RNA sequence: GGGCGGUUAGCUCAGCUGGUUAGAGCGCCACGUUGACAUCGUGGAGGUCACUGGUUCGAGUCCAGUAUCGCCCACCA
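Residue numbers (the numbering used here): 1 to 946.
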């Protein structure tokens, strides 16, 4: 039992409940896999590991909610269930967080040196990890914490190195000098996916390059008065230009191809080439070719065998290739160059231009395409099987439209740059032998604390050693470039090179964080070591994550799963949308537009937040989270609480045995109705859950609990319970039964309040074996309870109550006052007689007289409501207003006539009769006769008024 | 330049294979402390389902196009 005090408070207090209930679950070990010896198929989810950068945001709350619902549902279905939580080291992001902290102390990571800095990050990790897992707990996440994994734990480390080695051995990892995305602020390479695109108002500069018409005796070019005018958005890169390109079909420049032009200021002579990539319509139809600083130009350069001139340093300042502009930052250089060229008359035109630039997804600095030696994964061979499994349906996407998005990206996949010039992450498992390649390894030595721009000692390994520098000093204070050296790729840290040398230097770089993420579904289960856990749980069942990381993560898991395990990593990919705030803005801490999930939990309770998150949109769609909706969720928890409080208080000291079978045919109609309805609900919820329509399932339970169970069954049960002379059986067993079913159905969505109530409820129940709701069996809907007749009959009673209430409200009858009323029963006498006590109380219509024909009801000064099959007549002496009643009836007649006409037209349409299914035609006919008889009744009543 | 998603009540959203008079929450109006709940109850108002055309006996739902907002992908400088 979770509750020390059995008495229930007047309203539900999540703060007094959640923590205690969570501890109860966790201490009882319910989050650990159960039923593993059963024949049921296991169900497992690997949680997308949040970054250790900081606290959870509302998106994580959504992830937790969806996954916890699936996990709790399957746990209750009796499936062996594993939800495996984890945390991501998040290379750049975490390094940035810690560097910002250092900056506040006036330090950079270089002041600390690599080892000390890493220790500093570990301190941060140790601090934030418990905060994160505590936040999951606050949201009710029933994850198996004993399995919690960090991406830099030993297991994942081994998996990463093993995977790297395997790829290398298979020729799928290579090292090469390519044009990569470089973030000058983070000072690292980025993959294409880590670059975001932003629009910027900029200019298109037209620059004249004079054509060369000859050379003097010393070979110096002589320029003519003719120009080639190029159009560029990046004038500062002109210092790296190696050609001017035009379209071969462009007649304007037909005579120019093959000639040369002279770069102003730089005075470099470069050729004019023809290339299909040039759009004749754009700008002047002339492109300046800068292969080292633009991907398109890079390719043109390759096609025409042009040199690549790298004119930029890693901090985005221009280098010595830029001549007089060396040392200037790229944007300063742009201004100076434009000014110079303008003064020299080389810029005839500047147009305003909307430019799309790539920015670092982490720090939003404009990235620079730069030539650089990096490590790459060759993707094509890995992608094909990952395309096949999705095409063959071995992995399905929910919603399925993401399947096409996935396939489209996979079919156009490009090689993946995996090396990062960071200190935080999985160090690349590659070593260089200083004994064998000491002349090819360039070492830069820098004392810790020395400013970055301070002169450093640079030389080959052998040179520095010859100068007396020790291996230890190099390892401690050096960085090295070893592009010429032979890589030694190894899973374990090697002691010696293959030739026996003991002086090894590990590659400086770390791996892209997503490299380890791609292995997550199996690295967390112990791969590469063979073990029972991995065999049992892999492939996992569902991968649930945001659609924004399909490529970054989902695609890579599929590829790596197939590559390393030979089997898909999961069967279903369920993708949720982005949570926005109520103004539709993306939530962001830095913009202050975020909603803190913990704050919501604090104010409204975790159940309220969960209910809101799951019902605020459908799968794959973004949502706007509004506090008002969370409030509505809180209200619902309170409603359920109070309904339960009523049922439990009604029990008093009595123990109640839950009914084991459907009610007998002679049982009260409302009992047969509500149990029929609740099993129907369970069937429908089951159906929705199977389709991953979790929000719809939750809404259905909400509607049932509030609008059927609380509004009607409980209100009817009150009447029955209070009537001491009643010959009816006690409503308690059915009340308890239906409440208990609702708690089960609702538990995956609102775990805390349901468990709390359930524990209080079962103390007074006989016949419940389960020890906790979290592990009780989930209802799937028992067929034997269905009772269509009872459902119709109660629907009629409800209609009568509503009709009388409506008349009372319209006629402004005092709410508390009992009034006499008549119901002309027609064929439903039995139902109405049985329901009389309920109608009397719920409509405050007493005495209520059930009569057989309209003649037996009063005709003077009455208000009449004509329903399907029955007519309610309310005498209104004193309150009666002839004109008002006439108007009321006339309006209803007009509406009914219109409806009758619509249906009649439909039924007399020959096409409809010929083509519509029988079932539909029959329904329409029934509707027509119902409307017609209602119309007759209404007309008769109107006639009575005179 | 391609692709995707949204456009339904004042607001935020459901409406899943086309079939009653299109729903919910919040908000709004009127009334209400009848011992589960004012975090509530009762009654009510409120929508030509963005637009145009088409398919169909029948369209919020399917098709084509348009508008508009948003997102993703992409080497027009």
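The beta carbon of each residue, even a glycine, is placed where N, CA and C say it ideally should be. This structure is a prediction, so every number in the text was calculated from the model and none was measured.
Could you tell me the distance, in whole angstroms, from the CA atom of residue i to the CA atom of residue j?
i: residue 829; j: residue 945; result: 26 Å
i: residue 122; j: residue 508; result: 19 Å
i: residue 417; j: residue 516; result: 14 Å
i: residue 256; j: residue 321; result: 27 Å
i: residue 469; j: residue 441; result: 14 Å
i: residue 339; j: residue 180; result: 30 Å
i: residue 653; j: residue 721; result: 15 Å
i: residue 876; j: residue 845; result: 12 Å
i: residue 237; j: residue 279; result: 20 Å
i: residue 936; j: residue 907; result: 20 Å
i: residue 165; j: residue 377; result: 12 Å
i: residue 889; j: residue 863; result: 9 Å
i: residue 3; j: residue 18; result: A caution first: residue 3 carries a pLDDT of 48, below 50, which makes its placement in the model too unreliable to give a value.
i: residue 1; j: residue 753; result: Only weak support is given to the placement of residue 1: the predicted model assigns it a pLDDT of 44, under 50, and the question is left unresolved by the model.
i: residue 107; j: residue 64; result: 37 Å
i: residue 585; j: residue 579; result: 9 Å
i: residue 463; j: residue 456; result: 14 Å
i: residue 837; j: residue 777; result: 37 Å
i: residue 227; j: residue 284; result: 12 Å
i: residue 49; j: residue 23; result: 23 Å
Could you tell me the boundaries of the alpha helix (DSSP H) in which residue i lies?
i: residue 409; result: 401-411
i: residue 560; result: 556-560
i: residue 900; result: 882-907
i: residue 22; result: 18-28
Tell me which same chain residues have a C-beta within less than 8 Å of the C-beta of residue i, skipping the five on either side of it?
i: residue 212; result: 221, 222, 223, 224, 259, 260, 261, 262 and 269
i: residue 602; result: 15
i: residue 767; result: 657, 658 and 660
Considering residue i, what are the terminal residues of the beta strand (DSSP E) in which it resides?
i: residue 350; result: 349-360
i: residue 543; result: 540-546
i: residue 875; result: 871-875
i: residue 824; result: 819-824
i: residue 288; result: 286-289
Report the option in the options whose CA atom is closest to the CA atom of residue i.
i: residue 205; options: 287, 300, 397 and 412; result: 287
i: residue 624; options: 48, 58 and 21; result: 58
i: residue 476; options: 871, 116 and 186; result: 116
i: residue 711; options: 648, 798, 661 and 930; result: 798
i: residue 824; options: 927, 873 and 301; result: 873
i: residue 481; options: 434, 657 and 498; result: 434
i: residue 757; options: 273, 767 and 741; result: 741
i: residue 312; options: 300, 324 and 292; result: 292
i: residue 811; options: 555, 802, 884 and 215; result: 884
i: residue 177; options: 484, 671 and 899; result: 484
i: residue 552; options: 190, 76, 171 and 926; result: 190
i: residue 431; options: 118, 502, 550 and 445; result: 502
i: residue 232; options: 565, 354 and 137; result: 354
Go through its chain and collect everything with a Cβ distance to residue i's Cβ below 6 Å, but skip five positions before and after it.
i: residue 114; result: 423
i: residue 243; result: 270, 271, 273, 289 and 306
Please go through the same chain and pick out, in chain order, the residues whose beta-carbon is closer than 7 Å to the beta-carbon of residue i, but skip the five residues on each side of it.
i: residue 10; result: none
i: residue 697; result: 685, 688 and 689
i: residue 328; result: 317, 318 and 336
i: residue 135; result: 55, 56 and 598
i: residue 379; result: 413, 414, 415 and 416
Task: Any 3 or more C-beta pairs closer than 8 Å across the region 27-38 and the region 72-90 - done: yes
TODO: Kindly confirm or deny that the region 676-694 and the region 778-794 touch, where touching means at least three C-beta pairs closer than 8 Å.
DONE: yes
TODO: Determine contact between the region 141-150 and the region 317-333, defined as no fewer than three beta-carbon pairs at a distance below 8 Å.
DONE: no
TODO: Would you check if there are 3 or more beta carbon pairs closer than 8 Å linking the region 38-53 to the region 527-535?
DONE: no
TODO: Examine the Cβ distances between the region 811-827 and the region 848-857 and report whether three or more of them are shorter than 8 Å.
DONE: The answer is yes - the region 848-857 touches the region 811-827, with three or more Cβ pairs under 8 Å.
- [ ] Specify whether the region 485-497 and the region 518-527 touch according to this definition: at least 3 beta carbon pairs, one from each stretch, less than 8 Å apart.
- [x] no
Task: Inter-stretch contact (C-beta, 8 Å, three-pair minimum) for the region 654-668 and the region 725-739 - done: yes
Task: Contact the region 558-568 vs the region 380-397: 3+ CB pairs below 8 Å - done: yes
Open item on the list: Counting beta carbon pairs with one atom in the region 606-620 and one in the region 632-639, are three or more of them shorter than 8 Å?
Closed with: yes
Open item on the list: Would you call the region 698-705 in contact with the region 813-822, where contact means no fewer than 3 C-beta pairs closer than 8 Å?
Closed with: no
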